[in-house]
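A.B. asks:
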Amino acid sequence: MTDPAPDHPIPDLTKPEIPRLGPADIGALAHLYRAEVYRGTVWRSRLDTTTNWSIVTLGLALSLTYAAPEASALPLLLVGILILVFLFIEARRYRYFNVWRARSRLIESNFLVPMLEGTTESGEWRGLLAGEYREPHYPISMLAAVSRRVRSNYIYILLVQTLAYMGKLVEHPTPATDWADLPRRAAIGPLPGWIVLSVMGIYVATWVSLAALAYLGGGPDADDDEPEG
1 MTDPAPDHPI
11 PDLTKPEIPR
21 LGPADIGALA
31 HLYRAEVYRG
41 TVWRSRLDTT
51 TNWSIVTLGL
61 ALSLTYAAPE
71 ASALPLLLVG
81 ILILVFLFIE
91 ARRYRYFNVW
101 RARSRLIESN
111 FLVPMLEGTT
121 ESGEWRGLLA
131 GEYREPHYPI
141 SMLAAVSRRV
151 RSNYIYILLV
161 QTLAYMGKLV
171 EHPTPATDWA
181 DLPRRAAIGP
191 LPGWIVLSVM
201 GIYVATWVSL
211 AALAYLGGGP
221 DADDDEPEG
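This is how it looks when you write it as structure tokens:
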């Protein structure tokens, strides 16, 4: 014999109901959201600083290289080392920026949006946010951060650097009349020109590959041109 079906469904005691946020909780959450947005804004401005450093150093290298037809193209190669340093500094800052952005976006999409739409919020996001504060982690890897910064800004810096370097080899000290002149002009001291050009080719291919990796990766927040929380 089986028991008759109850008039009301038996609640699932394994999943306790998450209490609704009270006025004090909502006020605290509002202050928390403002703090996360402020943190994201501060770190976002730091990203622009390293990009500006890269542009300034590249401009200095261009000035030295094109100061005279006899000037060496070496500054345009050495500046690539500085640009790489700035890129990794910026990628590290970008990872920090994504910590604050991910938290603010979590509050926006799971609390503010349901409130504006008049729908019921899901309580799961609160557990995710609490876990993030309990054990903070980077939302993206260092490789992903580098790739995104290359695709957003540094690919254009690379383009200017590469065109300026090739233009220097073609035009100075006199306009080249044969492709064979390029390896000879690219030579640096005892280092053959074909080695220098090969290293430059690997350098360019690496940057383009990183930009393609960010473009093909997709996913949430993969496009830095989208509005940021």
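In this text, residue positions in the sequence shown follow UniProt numbering: the first is 1, and each later residue adds one. Cβ atoms here follow ideal geometry from the backbone N, Cα and C, with glycine treated the same way.
From this set, Leu129, Glu90, Arg44, Trp207, which residue's C-alpha is nearest Ser109's C-alpha?
C.D. replies: Per the Cα distances, Leu129.
A.B. asks: Tell me whether Tyr154 is buried or exposed, calling it buried when 16 or more other Cβ atoms sit within 10 Å of its Cβ.
C.D. replies: The residue is buried, with at least 16 neighbouring Cβ atoms inside 10 Å.
A.B. asks: Residues bridged to Leu191 by DSSP?
C.D. replies: For Leu191, which the question treats as bridged, DSSP gives the partners Ile188.
A.B. asks: Please confirm if the segment 157-177 is in contact with the segment 53-73, defined as three or more CB-CB distances below 8 angstroms between the two stretches.
C.D. replies: Output reads yes: the segment 53-73 touches the segment 157-177.
A.B. asks: By the DSSP assignment, the alpha helix (DSSP H) with Gly118 in it spans what residues?
C.D. replies: Looking at the DSSP string, Gly118 is not in any alpha helix (DSSP H), and its letter there is neither H nor E.
A.B. asks: For Ser104, which residues from the same chain have a beta carbon less than 8 angstroms from its beta carbon, with the 5 sequence-adjacent residues on both sides left out?
C.D. replies: Once the five neighbours on either side are set aside, the close Cβ partners of Ser104 are Tyr33, Glu36, Val37, Gly40, Gly229.
A.B. asks: Can you grab the Cα-Cα spacing for the pair Ala67 / Ile140, in whole Å?
C.D. replies: Straight-line Cα distance between these residues: approximately 42 angstroms.
A.B. asks: Drop a sphere of 10 angstroms on the beta-carbon of Leu78, count the other beta-carbons inside from all chains shown, and report buried for 16 or more, exposed for fewer.
C.D. replies: By the 10 Å Cβ count, Leu78 comes out exposed.
A.B. asks: Please state the DSSP three-state secondary structure of Tyr66.
C.D. replies: Three-state DSSP puts Tyr66 in coil, outside helix and strand.
A.B. asks: Pairing CB atoms from the segment 87-101 with CB atoms from the segment 135-151, are three or more of them under 8 angstroms?
C.D. replies: They touch, by the three-pair rule.
A.B. asks: May I have the straight-line CA-CA distance separating Ala28 from Leu106, to the nearest angstrom?
C.D. replies: Roughly 16 angstroms between the two C-alpha positions.
A.B. asks: Kindly give me the distance between the Cβ atoms of Leu82 and Val160, rounded to whole angstroms, as I take these residues to be in contact under 8 angstroms.
C.D. replies: Not really, about 14 angstroms apart at Cβ, beyond 8 angstroms.
A.B. asks: So, is Asn52 buried or exposed, given that buried needs 16 or more other C-beta atoms within 10 angstroms?
C.D. replies: The residue is exposed, with fewer than 16 neighbouring Cβ atoms inside 10 Å.
A.B. asks: Using a Cβ-Cβ cutoff of less than 7 angstroms, which residues in the same chain neighbour Leu213 once the five nearest sequence positions on both sides are dropped?
C.D. replies: Cβ within range, chain order: Ser147.
A.B. asks: Report yes if the CB atom of Tyr215 is closer than 7 angstroms to the CB atom of Arg151, and no otherwise.
C.D. replies: In contact: Tyr215 and Arg151 (Cβ atoms closer than 7 angstroms).
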